[in-house]
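Position in the sequence shown counted from 1, then plus 72, gives you this note's numbering.
No residue lacks a Cβ here, since even glycine has one placed at the ideal position from N, Cα and C.
Okay, structure first, notes after.
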Amino acid sequence: MRNNLYFIAIIPPEIIRENIIAFQTDLRDNYNSAAALKVIPHITLKAPFQLPAEAHTSLLQWFRELYCATGIFTVTLNGFNMFNNKAHPVIFVQPVANASLFALQKEIVHNFHEHFPMIQVPDLELRFKPHITIGYRDLTPQQFTAAWKVYQAKPYNASFDVTGFHLLQHDTRQWNVIATYPV
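Pasting the structure below:
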């Protein structure tokens, strides 16, 4: 039985994606970290999960029929932050804490778990830390230290209205948006 891989995310508007891709490209060119360039810049709402291929239609139906009380809201991005994981540190663009963003993520995770109880909710989803990754996985601890010296003081500010979120599916080469939920 073949499984499909999915996740749910907010995708910023193109101008902000271009800025983030420029940061990711800098990390690739100067710190040998290209993994973040493999996926469209995003804020993860529901971490990657697998479902049997036969459940694809059921997932799409759930996503289309999903009810989220959270309306349109603004996300403000302010500078950079990091997760100093020993083996795989992460550098990311930092969204400012936002009650609507946290409420939306909680709604999605709760509703997903009700409809797909066989998929375990990872601890990280219960301790939501919104971020837009610019360097991870292939960012070595040494390169992280060098990059973080630059990015911890680097200014970056932007904001955008969240008018929807997206269901993405991996096709073995890349992530593709397969459905959009307007808020």
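So, with DSSP's three-state summary, where would you put Lys118? strand
Exposed or buried, which one is Tyr78 when buried takes at least 16 other CB atoms within 10 Å? In summary, Tyr78 is buried, with 16 or more beta-carbon neighbours lying within 10 Å of its beta-carbon over all protein chains present.
Residues near Arg74 in its chain [Cβ-Cβ closer than 6 Å; skip 5 each side]: Ala125
I'd like the span of the beta strand (DSSP E) that includes Leu77, first residue to last. Asn75 to Ile82
Relative to the C-alpha of Lys178, which candidate in Ile204, Tyr103 and Val193 has its C-alpha closest? Val193
Helix, strand or coil: how does DSSP classify Thr205 here? strand
Where does the unbroken alpha helix (DSSP H) through Val234 begin, and where does it stop? Element bounds for Val234: not the alpha helix (DSSP H) but the beta strand (DSSP E), Asn229 to Val234.
Look at the alpha carbon of Leu176 and the alpha carbon of Cys140, and state the distance between them as a whole number of angstroms. 7 Å
Boundaries (first-last residue) of the beta strand (DSSP E) holding Gln166: It spans Val162 to Pro167 - the beta strand (DSSP E) in which Gln166 sits, taken as one unbroken run.
Taking all protein chains shown into account, do 16 or more other C-beta atoms lie within 10 angstroms of the C-beta of Lys118, making it buried, or fewer, making it exposed? buried
Evaluate Pro227 with the Cβ neighbour count: other Cβ atoms within 10 Å of its Cβ, from every protein chain shown; 16 or more gives buried, anything less gives exposed. exposed
Check Asn91 in the structure and name its three-state DSSP category. helix
With a cut-off of 8 Å, do at least 3 Cβ pairs link the stretch 164-171 to the stretch 198-208? yes
How long is the line joining the alpha carbons of Pro202 and Asn229, rounded to whole angstroms? 16 Å
Have a look at Asn248 and Ala171 and give me their C-alpha separation to the nearest angstrom. 28 Å
With respect to the beta strand (DSSP E) encompassing Arg148, which residues constitute its N-terminal and C-terminal limits? In the sequence as displayed, the identity of residue 148 is Thr instead of Arg. Start and end: Phe145 to Phe155.
Note down the Cα distance separating Ala225 from Gln133, rounded to an integer number of angstroms. 44 Å
Once the 5 residues before and after Gly236 are set aside, which same chain residues still bring their CB inside 6 Å of it? Thr252, Tyr253, Pro254 and Val255
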